[in-house]
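Chemist:
Residue numbers (full-length UniProt numbering), protein chains in the order written: chain A, 1 to 404; chain B, 1 to 404; chain C, 1 to 404; chain D, 1 to 404.
1) From C:357, C:247, C:346, C:79, pick the residue whose C-alpha is nearest to that of residue 291 of chain C; which is it?
2) Taking the CB atoms as reference points, tell me whether residue 123 of chain A and residue 75 of chain A lie closer together than 7 Å.
3) Would residue 72 of chain B and residue 105 of chain B be called neighbours here (beta carbons separated by less than 7 Å)?
4) Could you pull out every residue in the same chain whose Cβ sits closer than 7 Å to the Cβ of residue 55 of chain A, ignoring the five residues on either side in sequence?
5) What does a CB cutoff of less than 6 Å around residue 270 of chain D pick up in its chain, not counting 5 residues either side in sequence?
6) Chain A beta carbons: is any one of them nearer than 7 Å to that of residue 60 of chain B?
7) Step through the CB atoms of chain D and report whether any lies within less than 7 Å of the CB of residue 373 of chain C.
8) Does residue 366 of chain D get closer than 7 Å to chain B when you measure Cβ to Cβ?
9) Count Cβ pairs between the stretch 210-224 of chain D and the stretch 237-257 of chain D that sit closer than 8 Å; are there 3 or more?
10) Report back the beta-carbon spacing between residue 360 of chain D and residue 367 of chain C to the nearest angstrom; my notes put them in contact at under 8 Å.
11) By Cβ distance below 7 Å, which residues in the same chain neighbour residue 387 of chain B in space, the five residues on each side in sequence not counted?
12) According to DSSP, what are the bridge partners of residue 123 of chain C?
13) Per DSSP, what are the beta-bridge partners of residue 297 of chain C in this structure?
14) Compute the distance between the beta-carbons of residue 330 of chain D and residue 252 of chain D, then report whether it is under 7 Å.
15) Taking only beta-carbon positions, decide if residue 271 of chain D is within less than 7 Å of chain C.
16) Helix, strand or coil: which one does DSSP assign to residue 336 of chain D?
17) Can you tell me which residues form a DSSP beta bridge with residue 218 of chain C?
18) Against chain B, does residue 115 of chain A count as a neighbour if the rule is that its beta carbon must be under 7 Å from one of theirs?
19) Under 9 Å, CB to CB, which of the residues in the stretch 345-367 of chain B have a partner in chain D?
20) Work out the CA separation of residue 80 of chain A and residue 101 of chain A for me, nearest whole Å.
21) Contact criterion: CB-CB distance below 7 Å. Does residue 125 of chain C meet it with respect to chain D?
22) Just grab the DSSP bridge partners of residue 166 of chain B for me.
23) Nearest chain A C-beta to residue 369 of chain D closer than 7 Å, yes or no?
24) Looking at C-beta atoms only, is the number of pairs between the stretch 166-174 of chain B and the stretch 226-241 of chain B that lie closer than 8 Å three or more?
25) Thinking residue 65 of chain D and residue 117 of chain D are a contact (beta carbons under 8 Å), I'd like their distance in whole angstroms, please.
26) Mark residue 2 of chain A as exposed unless 16 or more other C-beta atoms lie within 10 angstroms of its C-beta, in which case mark it buried.
27) When DSSP labels each residue in this structure, what does residue 189 of chain D get in the three-state scheme?
28) In its own chain, which residues sit with a C-beta less than 7 Å from the C-beta of residue 202 of chain B, not counting the 5 before and 5 after it?
29) Which one or two residues does DSSP pair with residue 277 of chain D in a beta bridge?
30) Return the chain-ordered list of same chain residues with a C-beta closer than 7 Å to the C-beta of residue 254 of chain B, the five sequence neighbours on each side being excluded.
31) Taking Cβ-Cβ distances shorter than 7 Å, what residues in chain C pair up with residue 377 of chain D?
32) Could you name the residues that DSSP lists as bridge partners for residue 73 of chain A?
33) Evaluate residue 41 of chain D with the Cβ neighbour count: other Cβ atoms within 10 Å of its Cβ, from every protein chain shown; 16 or more gives buried, anything less gives exposed.
34) Measure the Cβ-Cβ separation of residue 379 of chain D and residue 207 of chain D and say whether it is below 7 Å.
35) Shorter than 7 Å from the beta carbon of residue 303 of chain C to some beta carbon of chain D?
36) Report the residue from D:185, D:77, D:313, D:62 whose alpha carbon sits nearest the alpha carbon of residue 111 of chain D.
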């Protein structure tokens, strides 16, 4: 197959035109985890002030995803609602301003998108206000504030992502929908449904009814589990005779042991997840399965690095007819290993080898699965109330005690 | 401890002045693996033509390491000898030129080093010529060619790294030593010694006698094994009444199952190593152990991402008196998790938690250890002869057959 | 607690009197696996001709279970229907006779039962005839033939166990019920139900309606899974407003990875199951969970050795008021370790230690879970047809080929 | 190969005649572990009073080993020295008498040996007296007392086994040697040597010089490690130009993670070792490796059940020309599985399948390896002093504290 870096047909076309035409749209990977490892994002608050503080780092990561095959560049506005930027002693809104963080994110994404054939999607995500039981008006106002920036910067479409409660996701879709731009909505749930017990099928139905044209899941679970959740969403939509495009942006971490709330509850979250990182071959299997289920917006979330996105693009190259730019530096199924100096490594230059490999952990004192933490607290519980000021020593001491 | 980003005393001082004064010098991480995942380096040949093709990507990675605490920026000239740039169908020398690749690497490293308090080290590594039994003159000429660039660009010191045979490493040191600049030399060996059976102690002795002021190991083995190898080197030097500074730049992959030749032989090399990636806590333990053994040049090799280097700098912050710039975005031992929305994650904001975590692999169908490939071929064997032209289909077929 | 070897109240009482009075009845363990390891049973056919060939070995195993706390000794008549004794080249019926195998089993069980306070249960299990689609009359005749021996030898009650299809189990219960003796019935199924897709709840309902006074599961799944299946049976009975005692006799192998057909499909069956063997502490947890669910007939199946049965008796000693005879040689929760010569082993003489131990496998090259074989063939398929003559070389060759 | 249950040539021949003639002699398995699971031995003291209390259980186990292929039946006199029978509150000597325990053991072994072609070996093992620093005379007197019984009962030869210190083993050999009967001596050590740091080679030399005709190892380590230790013994003997037959009776537990003192230090000892139990295929590999090294007395220790001994006999059947009696019930390499009802299990009736199986642990929350306890106390330390009276609550409390 000839290697091409752009595809004539889709240039300048919108997200719905592409999906309606049956095109595969490749999303990008997870910014907060990737930039945390690169030194620009703080684990805990996970807020995106790097757009102002270190635009070159954000720009470079966008470029890598574009080069790896992403057709959509999401503005790095995850957790960039004003209340989140001010939560638990973070004070980003005060020091920089919510407006500037969101604006810078749009500018950087657009700059890089223009270097290739990619769309810019403005994104909102769940808010501490909702978790702290603030009312609908207040929560919607937070989304509205971000939307104003997205409209000013004229993003191509909008994504409401990372919602644990469909109620809040619906509010977000309602706000975004007013813009007239296409809206995608993904929840960070597994097959058990949202935190209030709403099933994936019901979540999908509510989101489409609220105005989302594309629905699915992102984050919290591994590719296999996420595809299963989207399958349940698809069934729910079919049962309700509703139509929508399907989308999947899972973790690049294996999470066979997760409960309802996903990887947050794993003891390894967020600083011990390394052994769970998916290989490129795991991701190729994911891309194929997602495609086979009818998902056409296929991307990733936390843990997805550029090479994972490239793996999606390589797996689906036969269907798409072209390879991403970064495949200049990557032979499909390892075939560049034919250039290795060692003969036994050259012997690994074939699909059969990598497809069947069961990689060892190199950690003989560690188990394969963990029991997730399960405190059983839900929205409304005292411990889940958010606060502007930093967590106090006394609060931490109580938590450490409870943890034991 | 107050967070500082520069340390007055060492600014503008050379590598030997720093080490002689007892300072801890932090190296950088592995460029070929990190840039392969970002889409700029081809696994197999592993050559650094990205310095010319994508300088922005190389520059950004240097910056991240500097920000994470690196005091030495190595020019991205790994495998940049002319014979390697032309090996097995790679043709980089022909398309770009060996000279340009090395020059660009020096320019980028210097540009970033000037943004902080870091030294630039020009690096050479083992050659296909040696493996193919070319004579001493020819091998030395390859190093000489790279050295000319390093001298022209006036790097601060030189590193001969990634040598499997001490004989070739000595030749490299002899060439580099003629420059008058300080020379460090590291071999990619484990406790069993080099590929010809020379013990680590003997390797160290030969390297120091050839002119190296700093000796140690890099690549091929995990931190624990590498420290053990440096310990053997230290003993060898003591027995021979020789003095040198010690250096360690191991993998950030766990390799308890490796044989003599290290991770190259593992079935997971190079595309299935994810489950073996070290956590930041593993690296903090490594930094402490390395320090306790008397190693003062402490860095990393393949698998080391910026956050791993930051972990070295954080672990040794009490000794050094300052934190790296990237620690703005990282609370020591997870203490920024006190800003997390979920209470059970806030309960992980403490050293005791992360220090004792045994992270699960999330891969219940995979084992913990692998049997390394062991073809038993050594320098001189037909299969180890390198060639300029690409590996043929017939050659590959023979290898696949042998692999079975 | 005073150690007693008999309990006055239950002596000479029947199984239903005991269960109706709320007593805990402890079953025995798995004869075919235990005697295979001792050298008296052939894996593959799994038939009990040892009752005639080596009565001393069968007697000794009964004695060990009695000593460990069993209140029920099952006649060793598993797979002792005439058609099974003649299946695939086994020829036991021809060489010994079905009648003699069953008679000897009854005699040995009675002899040992009289040495303590135990009941003798005559047992039947599923037949090759059913699998080969023989009709109801023929299948029932096989059970009838065994029942005649049980009546002649006057066993205390009857067990129909190890049925994969509830249809056949119902036929067995109907035959046994005619005897007027109490009938227990257990299926070797998991939460997914029988091989025809009948749910556990429905299975329980059909068995009780057919005349079983005690229902539950045996074999094929680990304790945890089996308890879950009995829980579903209990719910089914409650929904149908039916009453029956509950019974559980699971494997002593961990089978978290099993599919619908249980451990038969695991690649390790039957000669590589060692790493899955439950510890005595696993069994104590099982006994407690079974008790808490309301199960009062608690025993084991394949993999259960006498010390596993003792673990049930020790866990439930507080409720029962006495320990089994074999506890003379076993301190609860390891407290006899206080007599060990090594101090660090004496330090293990406490419940907290053993309760929390996560035992290592000692097998670093092996995974934790396996993918079960899943040929998807069911009753009626050519490969499932049984035959009197031995499997031919040609038949085996076809199977090996299919296995690849 | 025709199946034979006796072999004409060796009937009535002594142990040295057999070994001198190049015969393979198969030992038996571990009595204390097997009988602990059957309910007759107390873990902790591990003493053999079952010979008097439950002779039928001891006899049955001897029979199973004989049937499995054992050519040597060891009297069940492990830890039957008077001081051990009285250690830490055990009081067996007081209640039964050391003399009677040893006598009964000899009688039972002889009775069963006469049922086949087996020799009876009287055995002594290390004493608490030595550990408590009693003098040579006192320690030797303990062995002498047992020897008197062995002579009276006219055993065929003698084994001094399970010694952690070669000094004590030499004393034992000196005592036994006076009888004029052949003496075998095995130590429970690994490649690191005895508890005082004497190398395996040196241990072997000292034992042969003291009069042992057969030397090797038993217990404490897995087959692979034990063979390595015997290899070092063989080299030691060759270097010293001494001749002796080699013997190996390892654990049937995998212990890749053990330190100097073997499995006693593993956190799983003695009640959580199940996942480490060797399969029959592991034992066949052991038998082959032992044979290839020149070991001709091949048996087992703790964890070896009759089917493990049968595996030795089956693996070496080509060399010996016959199969053991128990192979009536066991097809080599699983070939009786051709009689199984399920086709995919029939497909496992072949060597290639079982030889390559990597059995899963079924324990996804458990690791593969453990860190051994290492208290670093050696002979002479207060905690290692033995005492006649039971360990007090206060002593235990101190140990529990230390264990934390």
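Where a beta carbon is used, it is the ideal one built from N, C-alpha and C, also for glycine.
Just so you know, these numbers come straight off a predicted model, no measurement behind them.
Modeler: Checking against the coordinates, here is how it stands:
1) Here the closest residue by C-alpha is C:247.
2) It is a contact, given that the beta carbons lie within the stated cut-off.
3) No, Cβ-Cβ distance for residue 72 of chain B and residue 105 of chain B is not below 7 Å.
4) Excluding sequence neighbours, residue 55 of chain A sits near 104, 108.
5) Excluding positions up to five away in sequence, the list reads 43.
6) Answer yes: the Cβ-Cβ gap between residue 60 of chain B and chain A drops below 7 Å somewhere.
7) Taking Cβ atoms only, chain D reaches closer than 7 Å to residue 373 of chain C, which makes this a yes.
8) No, its Cβ sits nowhere closer than 7 Å to a Cβ of chain B.
9) Because the criterion of three Cβ pairs below 8 Å is met, the stretch 210-224 of chain D and the stretch 237-257 of chain D touch.
10) Residue 367 of chain C and residue 360 of chain D do touch by the CB rule: their CB atoms are close to 5 Å apart, below 8 Å.
11) Here the set comprises 88.
12) According to DSSP, residue 123 of chain C bridges with C:159.
13) Paired residues: C:25, C:247.
14) No Cβ-Cβ contact shorter than 7 Å links residue 330 of chain D with residue 252 of chain D.
15) Yes, residue 271 of chain D lies at the interface with chain C (some Cβ there is under 7 Å from its Cβ).
16) If DSSP states are grouped into helix, strand and coil, residue 336 of chain D belongs with the helices.
17) Residue 218 of chain C is bridged to C:249.
18) It does not: the Cβ of residue 115 of chain A has no partner Cβ on chain B nearer than 7 Å.
19) Here the close residues are 358, 360, 364, 365, 367.
20) Roughly 7 Å between the two C-alpha positions.
21) Taking 7 Å as the threshold, the shortest C-beta distance from residue 125 of chain C to chain D does not fall below it.
22) Partner residues in a beta bridge of residue 166 of chain B, as assigned by DSSP, do not exist.
23) Closer than 7 Å: yes.
24) Touching, no.
25) The C-beta distance from residue 65 of chain D to residue 117 of chain D rounds to 13 Å, too long to fall under 8 Å, and the pair is not in contact.
26) Unreliable positioning characterises residue 2 of chain A in this predicted model, as indicated by a pLDDT of 34, which lies under 50. A coordinate reading is not provided.
27) Looking at residue 189 of chain D - three-state DSSP - the assignment turns out to be coil, as it is neither helix nor strand.
28) In its chain, beyond the 5 residues on either side, 236 have a beta carbon closer than 7 Å to the beta carbon of residue 202 of chain B.
29) BP columns for residue 277 of chain D point to D:253.
30) For residue 254 of chain B, where only same-chain residues beyond five positions count, the Cβ hits under 7 Å are 222, 276, 278.
31) Neighbours of residue 377 of chain D on chain C, chain order: 343.
32) Per DSSP, A:120.
33) The residue in question, residue 41 of chain D, is buried, as its Cβ has 16 or more Cβ neighbours within 10 Å.
34) The Cβ atoms of residue 379 of chain D and residue 207 of chain D do not sit closer than 7 Å to each other.
35) Cβ-Cβ to chain D under 7 Å: no for residue 303 of chain C.
36) It is D:62 whose Cα lies nearest to the Cα of residue 111 of chain D.
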